[in-house]
Amino acid sequence: MDKLLRNKTAIFIFVAPALILFTVVLFIPIGTSFYYALCTYDRTTRSYSFIGLGNFQKMLTDPNMRIALKNSLFFLLFSCISQLIMGLLLAGLLTNIKKGRNLFKNVIYMPCVLSSAALGLLWAFLFHAKVGINNLLANFGIKGPAWLYSTTGFITLPMWVIAFVALWQYVGQSMMLYMAQISGISKSLYEASYIDGATKAKAFRYITLPLIKPMVGTAMSLNAIGSLKFFDLIYSMLGDKTENLKMDVLATYLYRTGFSSKGGHHYGYASAIGIVLVILCLLATAIINRIFKTENYEM
Amino acid sequence: MKKRWLSVLLSAAMVAGTLTMAVPAQAEEGGEVQEITWMFWDDLEASEDNITKGFADVIDRFNTDYEGVYHVTPITTTLEEYYTQLNALVDAGQTPDVFIVSPGPNLDDYVLPGVAAPLDEYLEADGWKDTFSSDAVFAQQTYDGKIYAVPLNIAAACVFYNKEIFEEAGAEVPTTYDELLETCQKIKDAGYTPITISAGTAWCLSMLAGYLCDREGVDLDAVNSGEESWNNEKTVAAGEKLLELSQYFQETAAGDSNDDATAALYFEEAAILIQGSWAIGQMNGANPDFEEKCGVFQFPAIEGGNDPNRVIAKSDSLAMSSTTASPEACVALMKYFTDDEAQRYTAEVGGKIPVTNVEYDADAAPAQLADVMDIFNNATGTFGFYNESLVSSDAGSYFDNQMVKIFQKELTPEEAFQAVEDWYAENGYR
Amino acid sequence: MEKKKKKIKPSTILIYVFFIFMMVIYLAPVVWIAMTSLKTRAEIYKNPFAAPTVFHWENYKVAWEAGKLGIAMLNSLFVCVVTLVLTMLLGSMAAFAIGRMRWKLANAAMVYILIGMMIPVHCVLIPLFVRFANIGLSNNLWGLILPYLTFSLPTSVYIMTGFFRSIPNELLESACIDGCSIYKIFFQIALPLSRTGLFVTGLMTFIANWNELLLALVFISDGNKKTLPVALTKFVTPYQTNYDKMFPAIMIAIIPTIVVYTLFSNQIVDGLTTGAVKG
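Protein chains in written order, with the working numbering: chain A, 4 to 302; chain B, 3 to 432; chain C, -7 to 271.
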């Protein structure tokens, strides 16, 4: 048996494809990306020239970068907090009912598996300046707000709108994660607490919450990385209007700088934005793990 | 167990295999046919743009007529990603044989590194060049006396208006900027939106800014070369007028796309739209009743300013790859774009001005085209979109965005034009 | 127990009211696009919330043809199925070697692969775009499959490693005594025993790639090679928004997912949740 499991050829055959793929499609490009981030790309000669930290220096004074960073961090915070609250609320309520639980759960989860590109087009129409919800409001003589094009305020209205659409789409995942954890908690713990005279709310506070703390960490890291990578919804809802509406996030800014016909082809700068994005992802995961890393309770 | 897994894997692999075959990879039969590619910035089938539809016809005609000799495969992208994808193909040594390109800094990017081939020998070979309405149509495509691209059509930016609303409001067609303001006020008092414009799609607002700058007499060559600063009396005056006009825009201007803004005109909610003549087909198509109500006038003059008969014009042009294996096929294709049938379509359906001396049926053409042609033929000069006339396409989009900032009152006109000036300095154009 | 039966607490009613409200928020948009997709453009503009007066089924035909949605769907299917099969195969192979076989660098290999989970695809977008353009992989569906596969592998390796480790030793040993080769053990014993894991990883891979937009947007410009999410975005162009084609196209894009989801919702929801927990 041992000999069989130490078969070098077999190990090589099993692992090599995955490792080679990883090296070629992921790690070498990351290296290249770091190099590009230190370069500037000249599109008439189609060549890269080394400029050291120039791109990162430029970022410090680039107002668009500041907006993208601000919006991305807002998304990060909003989605972590809102998904935690809504996810826990839905999971807590669902575990308290019997009839319809399955239906409710499945319907709320559904948008998670649908294409953001398609859903984005739908919501963009609903929040259209005239024809969507605002048309409905106009029938009652109410002038609808500039859902998707207001540019005032520190966090603009469109940012809130899209953040809520994202919450609508993805809260099902957090809900399911919490539900899975809650249903794993032994019934006897609750029964014991009820005998001791605890109310349901108290049981939730003192039994459920501490026991699902590790899951909060997992769900939150997923949300955090997801919200930093956020691209599909914004792109399909706003298209090329992100810059003038001050609605760029890091991913759309990277896409615009790298690939848009208007102001694109800055591969060096776009790579530098990519590097910032990776660093933020790593930082966010590290911080969340730090906060929620707890001894696992016996369940 | 074994069999089940194998069969799952096998059937999956088979599905994958059949699908690869199902994905058309352009049947490669017989070595005789000369295959070329043509790259374009709109989807030939999904688009409702009449010019695009006309191009789709051209491609079909070419492939049918030359069946067995030449064959062209279109590569289409969206306008937004067009140059990125084109550059990727150029970098990979797979430059499309024929590709569409806007004259100006975009064409520079392909002419200067030698990606596009000079076309003079083909143009002069069999009288092709003589079919064009004048040599002037090649002005923007000529570098050092050589022509590097063939224009396909010309679109002129004009002011479209709703005659009925004007009548109802007792407004006159304005010829000066002050009259324009008066007209707008009357329309507003009559309860309509005076001007519909898209600031969400920055180039639309920028087109208006371009007209104002030109009417004020901004010398584009001087500001581009650095002889003059972008922050000068004339540009600032234009910026202030842009701001002044913005009180007459529809309330949702900041968020409306070009499409929304145009819809407000043809659904008769707004009275005035400043737009290129390509919008004619879209307006008449979406609301056929609107055709007879729609008038066209020249962008008004500014007293004490520049010649008021200058028109913003834009042409689509085709360039040929300098590395193409079959220049004959490419030239044959380009000729199809400028033959009588294509050019007649351009005028009668596309609503753009033909580049050749083709005779077309003025009655078949949209009513607005005659007015546009009048304006264009009486023009004393043409100039390009500002965003395509600056030192680079980046400069152009930076300019567009500053105009939006003026509109959003985020920057004063002085600050906005100073920002453009600073951009020139930072990027080494000063 | 008996006492409880008839008593309906007010709090329970409140919970139901809340969830019915949630159902409306979740289902109304879908019902509404279904309705809107049958209206003309003028109707959509003027009266977006009214039910269609005449059902314009031809909208679907027009959208299907104009958007080349048939080809787009085949492309998406091709890309996703190939990625799915390869991910399950390569992922479980690597997972088996890492989880069950004995070699010094097993842990290092695991860490190497797990780093991939932290890295967003955005970061390699530009190098891949430049490289792929040079070797003819741009405008090529394999140019999508390679990165999709690479980014799907870490989760699948991680999940499968867990499943392989939970297989009792005795099972493998008895197979060994029967004279099975290591490959036979893998394909005939380990893999079938980890079906759930394969199902979970397959599901996650398929859904993530079916909806992927950014890479597909950047790598594919040829209209005959676009995937479904990219095909949808072309209904919104700088010149026009074709609402009367856009809504049928959205429906066409989401109906297959909704149908499959409705049929297998419990398995899908549980599978994806397991995947997320493990990943």
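Ideal placement from N, C-alpha and C gives every residue a C-beta, glycine not left out.
When Cβ pairs closer than 8 Å are counted between the two stretches, the region 247 to 265 of chain A is seen not to touch the region 91 to 109 of chain C, the count staying below three. Against chain A, the beta carbon of Thr32(C) has no neighbour under 7 Å; the closest one sits roughly 14 Å away.
For the region 60 to 77 of chain C, no residue has a beta-carbon sitting nearer than 7 Å to a beta-carbon of chain A. In its chain, beyond the 5 residues on either side, Leu141 and Leu145 have a beta carbon closer than 8 Å to the beta carbon of Leu82(C). As computed with DSSP, Gly277(A) is found in no beta bridge at all. At a beta-carbon threshold of 9 Å, none of the residues of chain C lie near Ala157(B); the nearest stands roughly 12 Å away. By the criterion of at least three beta-carbon pairs nearer than 8 Å, the region 97 to 108 of chain A is not in contact with the region 213 to 230 of chain A. Put simply, of Val54(C), Lys31(C) and Tyr37(C) the residue whose alpha carbon is nearest the alpha carbon of Thr45(C) is Lys31(C).
By the C-beta density criterion, Glu294(B) is exposed, having fewer than 16 other C-beta atoms within 10 angstroms.
Comparing alpha carbon positions, the residue from Gly129(B), Leu114(B) and Val74(B) closest to Ser324(B) is Leu114(B).
Not a single C-beta of chain C is nearer than 8 Å to the C-beta of Phe401(B). Interface criterion met: the Cβ of His114(C) is under 8 Å from a Cβ in chain A. For Asp214(C), the closest Cβ of chain B is nearer than 8 Å. With at least 16 other beta carbons inside 10 angstroms of its own, Ser82(A) counts as buried. Contact between the region 38 to 49 of chain A and the region 270 to 284 of chain A is present: 3 or more CB-CB pairs across the two stretches fall below 8 Å.
According to the DSSP secondary-structure assignment, Ile38(B) is paired through a beta bridge with Val74(B).
Nearest in C-alpha terms to Trp49(C), of all of Ile246(C), Val192(C), Met152(C) and Phe239(C), is Phe239(C). Assignment of beta-bridge partners to Ser52(A) by DSSP yields Thr43(A).
Contact note: Ala268(C) reaches chain A through Gln176, Leu180 and Leu225, using a C-beta cutoff of 7 Å and chain order.
Using a CB distance cut-off of 8 Å, Asn39(C) does not count as an interface residue toward chain B.
Comparing C-alpha distances from Leu97(C) to each of Asn247(A), Ala195(A) and Ile14(A) shows the shortest one belongs to Ile14(A). Looking at the DSSP output, Arg312(B) shares a beta bridge with Gly383(B).
When Cβ-Cβ separations below 8 Å define contact, Met62(A) makes no contact with chain C. Shown here is that no member of the region 11 to 23 of chain A has a Cβ falling below 7 Å from a Cβ of chain B. Per the coordinates, the alpha-carbon of Asn137(A) lies some 27 Å from the alpha-carbon of Glu166(B). The beta carbons of Leu7(A) and Ile174(C) sit about 5 Å from each other, so the pair counts as a contact at 8 Å. Per the C-alpha coordinates, the member of Ile408(B), Phe409(B) and Ser394(B) positioned closest to Trp425(B) is Ser394(B). Under a criterion of Cβ atoms nearer than 9 Å, the residues of chain C adjacent to Glu47(B) are, in order, Glu57, Ala58, Gly59, Lys60 and Gly215. Its chain contains Lys237, Pro240 and Ala241 as the residues whose beta carbon lies nearer than 6 Å to that of Ala55(C), once the 5 sequence neighbours on both sides are disregarded; these appear in chain order. At a Cβ-Cβ threshold of 8 Å, Met250(A) and Pro148(A) do not count as neighbours.
Counting along the chain, the unbroken alpha helix (DSSP H) around Phe10(C) starts and ends at Pro2 to Thr28. Close CB contacts of Leu117(C) within its chain, under the 8 Å cut and outside five residues either way in sequence, are with Leu206, Leu207 and Val210 (chain order). Apart from the 5 residues on each side of it in sequence, Ile70(A) sits with its Cβ closer than 7 Å to the Cβ of Lys249 and Asp251 in its chain, given in chain order.
Excluding five sequence positions before and after Gly257(B), the CB atoms of its chain that fall closer than 7 Å to its own CB belong to Gly202, given in chain order. At the C-beta level, Pro21(C) and Leu125(A) come within 8 Å of one another. With a threshold of 8 Å between beta carbons, Ala287(A) makes no contact with chain B.
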